[in-house]
Amino acid sequence: MPHPWIPNSYIKDLMLKELGVPSVLELFSDVPQELLLRRDLNVGYGNPLPEYKLRRLFNDILSRNRFRYAVPPFLGGGVCLHYVPAVVKHLAGRSEFYTAYTPYQP
Numbered sequence: 000m001p002h003p004w005i006p007n008s009y010i011k012d013l014m015l016k017e018l019g020v021p022s023v024l025e026l027f028s029d030v031p032q033e034l035l036l037r038r039d040l041n042v043g044y045g046n047p048l049p050e051y052k053l054r055r056l057f058n059d060i061l062s063r064n065r066f067r068y069a070v071p072p073f074l075g076g077g078v079c080l081h082y083v084p085a086v087v088k089h090l091a092g093r094s095e096f097y098t099a100y101t102p103y104q105p
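Per numbering that gives the first Met the number 0, the sequence shown starts with residue 0, numbered consecutively.
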């Protein structure tokens, strides 16, 4: 199975073939042209940004919309919105973190 976070043109081509469209841009053909962004998205002002800063930036942009995700105030128990880097899911899924056995042991 290909890596989930690294782009794979073979997988992309298979998906496009299954959908019956020649390109990813064709998927947006129903969007009115005046709604499409015709310039590069100026994020980071020419500098790479860490994931948490990108999330903050996009959340700021999304907060200008009518609907914004809000957590009910009665959650309690330490449940709240907090930043978890995307790599945590990958690292937490590694067997050496949840079992004493290594792959080479019977």
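We put the CB at the ideal spot given by N, CA and C, even for glycine.
Note that the coordinates shown come from a computational prediction; the quantities given were computed from them, not determined experimentally.
**Asked** Hey, out of Leu53, Asp29, Ser28, Pro49, whose CA is closest to Leu40's CA?
**Response** Closest by alpha carbon: Leu53.
**Asked** Closest by CA to Ala85, which one among Ile10, Arg63, Tyr51?
**Response** Check the Cα spacing between Ala85 and each of Ile10, Arg63, Tyr51: the tightest is with Tyr51.
**Message:** Could you check whether the Cβ of Leu24 sits closer than 7 Å to any heavy atom belonging to the ligand NAP?
**Reply:** The ligand NAP is not among the ligands present in this structure, which contains no ligands whatsoever.
**Message:** In the DSSP assignment, the alpha helix (DSSP H) including Tyr51 goes from what residue to what residue?
**Reply:** Where Tyr51 is concerned, the enclosing alpha helix (DSSP H) stretches over 50-61.
**Request:** Would you kindly work out how many angstroms separate the C-alpha atoms of Asp29 and Asp12, rounded to a whole number?
**Result:** Straight across, the Cα-Cα distance linking Asp29 with Asp12 is about 21 Å.
**Item:** Contact set for Val42: own chain, Cβ-Cβ below 8 Å, skip 5 residues either direction
**Value:** Excluding sequence neighbours, Val42 sits near Leu48, Leu53, Leu56.
**Request:** Please report the Cβ distance between Leu15 and Ser8, rounded to the nearest whole angstrom; I am assuming they are in contact, meaning their Cβ atoms lie under 8 Å.
**Result:** Contact annotation, Leu15 with Ser8: C-beta distance approximately 10 Å; criterion of less than 8 Å not satisfied.
**Same chain only: Cβ atoms within 7 Å of Leu24, ignoring 5 sequence neighbours per side** = Closer than 7 Å at Cβ, skipping near neighbours: no residue.
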